[in-house]
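**Student:** Each step along the sequence shown adds one to the number in this note's numbering, with nothing skipped, and position 132 is 132. Ideal Cβ placement from N, Cα and C applies to all residues, glycine included. Only a predicted model underlies this, so the values are computations on that prediction, with no experimental measurement involved. Below is a structure I'd like to ask you about.
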Amino acid sequence: MKKSTLILAGSLCLAPAAAFAHPHIFVEARLEVAASPDGTIKELRNVWRFDEVFSSSVLMDFDKNTNLKLDPDELKEVGKTVRDSLVDYDYYVNMSVNGKVIKVNKPDVINVDYKDGQLLMFFAVKPAETMSMKGNRLSFGIYDPTLYTSIDFPTDGDLVTIGDAFKGCTQKVVRPDPDQVIAENKTSLTDAFFNDPTGTTMSKLFATRIDLQC
């Protein structure tokens with residue numbers, strides 16, 4: 001039951017494709033892109049706050065001693081489950097250099113808390129290869145390619161860069177307009193996308209992101 005509840009953990013990918021036609025889990029996120037002094041990307045720091053319905057289902061599944069709260073060992077188990085299961089999805093990170101997709105390494109730990117009826121996760125991921133900034137176009141976003149989880153950044157201030165190396169970069173937060181995306185990509189967005197968006201990579205066109213030119 002735990003893994004079927006934690007779609008974030010990747011296990012509901014076995015469900016029928018039609019089930020992913022619209023989001024079932026809602027997350028408010030914050031992303032901090034940190035740079036090293038040498039002008040490379042150091043890590044991406046994530047904070048995810050889950051909706052109350054999903055949070056309560058996790059509470060029911062992981063509350064072993066039925067005390068209606070998640071104790072430290074139970075929170076640790078939630079974090080381990082997600083850490084082990086989301087690896088195939090790069091922890092929903094979507095980043096690139098000059099259009100080349102960059103994978104991420106498994107985080108050391110996913111810290112979890114439960115406050116005011118909502119589940120929170122905190123973790124950092126590092127690029128799987130060196131991401132040099134100077135002279136390059138970089139893009140960073142967080143989205144679920146299955147569309148099962150809606151990941152929202154409430155304000156542009158929830159996508160930020162950290163580090164002096166970014167002083168030489170221009171940056172902007174991009175919030176794609178769905179109608180415009182469809183109009184601009186109508187030759188690429190085939191019937192297959194609208195019938196089963198999980199079977200394509202086009203869903204990332206709709207994701208909020210931060211773009212940089214360094």
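Residues in the same chain with beta-carbon distance under 6 Å from ILE30, minus the five sequence neighbours each way, listed in chain order, please.
**Tutor:** Looking at the sequence itself, residue 30 is Arg, so the reference to Ile does not match. Result list for ARG30: VAL47 and ASP158, in chain order.
**Student:** Using 7 Å as the threshold, is the C-beta distance between LEU138 and LEU212 below it?
**Tutor:** yes
**Student:** Quick check on LYS100: does DSSP put it in helix, strand or coil?
**Tutor:** strand
**Student:** Under 8 Å by Cβ, that's how I've got ILE162 and VAL33 pegged, so tell me the actual separation to the nearest angstrom.
**Tutor:** 7 Å
**Student:** What does the alpha-carbon distance come out to for the pair ASP144 and TYR92?
**Tutor:** 5 Å
**Student:** Can you list, in chain order, the residues of its chain whose CB lies under 6 Å from that of GLU43, leaving out five sequence neighbours each side?
**Tutor:** ALA34, ALA124 and LYS126
**Student:** If I'm right that ILE102 touches ALA128 with Cβ under 8 Å, what's the distance once you round it to whole angstroms?
**Tutor:** 7 Å
**Student:** Please confirm whether LYS69 has its beta-carbon closer than 7 Å to some beta-carbon of chain D.
**Tutor:** Here there is only one protein chain, and chain D is not present.
**Student:** With burial defined as no fewer than 16 other Cβ atoms inside 10 Å of the residue's Cβ, what is the status of GLY168: buried or exposed?
**Tutor:** GLY168 comes out exposed.
**Student:** With a CB to CB cut of under 8 Å and the five nearest residues on each side skipped, what residues in its chain are close to PRO154?
**Tutor:** For PRO154, where only same-chain residues beyond five positions count, the Cβ hits under 8 Å are GLU28.
**Student:** From what residue to what residue does the alpha helix (DSSP H) around ASP211 run?
**Tutor:** Taken as a continuous stretch (DSSP letters only), ASP211 belongs to no alpha helix (DSSP H), being part of the beta strand (DSSP E) at 209 to 213.
**Student:** For the candidate residues ALA165, VAL104 and ASP71, whose alpha-carbon lies nearest to that of ARG45?
**Tutor:** VAL104
**Student:** Going straight from the alpha carbon of GLU77 to that of TYR148, what length do you get?
**Tutor:** 22 Å
**Student:** Where DSSP assigns a beta bridge to GLY215, which residues make up the other side?
**Tutor:** Lying outside 1 to 214, the shown extent of the chain, residue 215 is not represented and no answer is given.
**Student:** Grab the span of the alpha helix (DSSP H) containing MET131 for me, first residue to last.
**Tutor:** Run containing MET131: none; DSSP gives neither H nor E here.
**Student:** Could you give the DSSP three-state label for LEU147: helix, strand or coil?
**Tutor:** LEU147 falls in the coil class under three-state DSSP.
**Student:** Measure the C-alpha to C-alpha separation of ASP156 and VAL173 and round it to an integer number of angstroms.
**Tutor:** If I take the Cα positions, the gap works out to 6 Å.
**Student:** Between GLU52, GLN180, MET133 and ASP152, which has its C-alpha nearest GLN215's C-alpha?
**Tutor:** Since the first residue of the chain shown is 1 and the last is 214, residue 215 is not available in this structure.
**Student:** DSSP puts ALA183 in a beta bridge; with which residues?
**Tutor:** Paired residue(s): none; ALA183 is not in a bridge.
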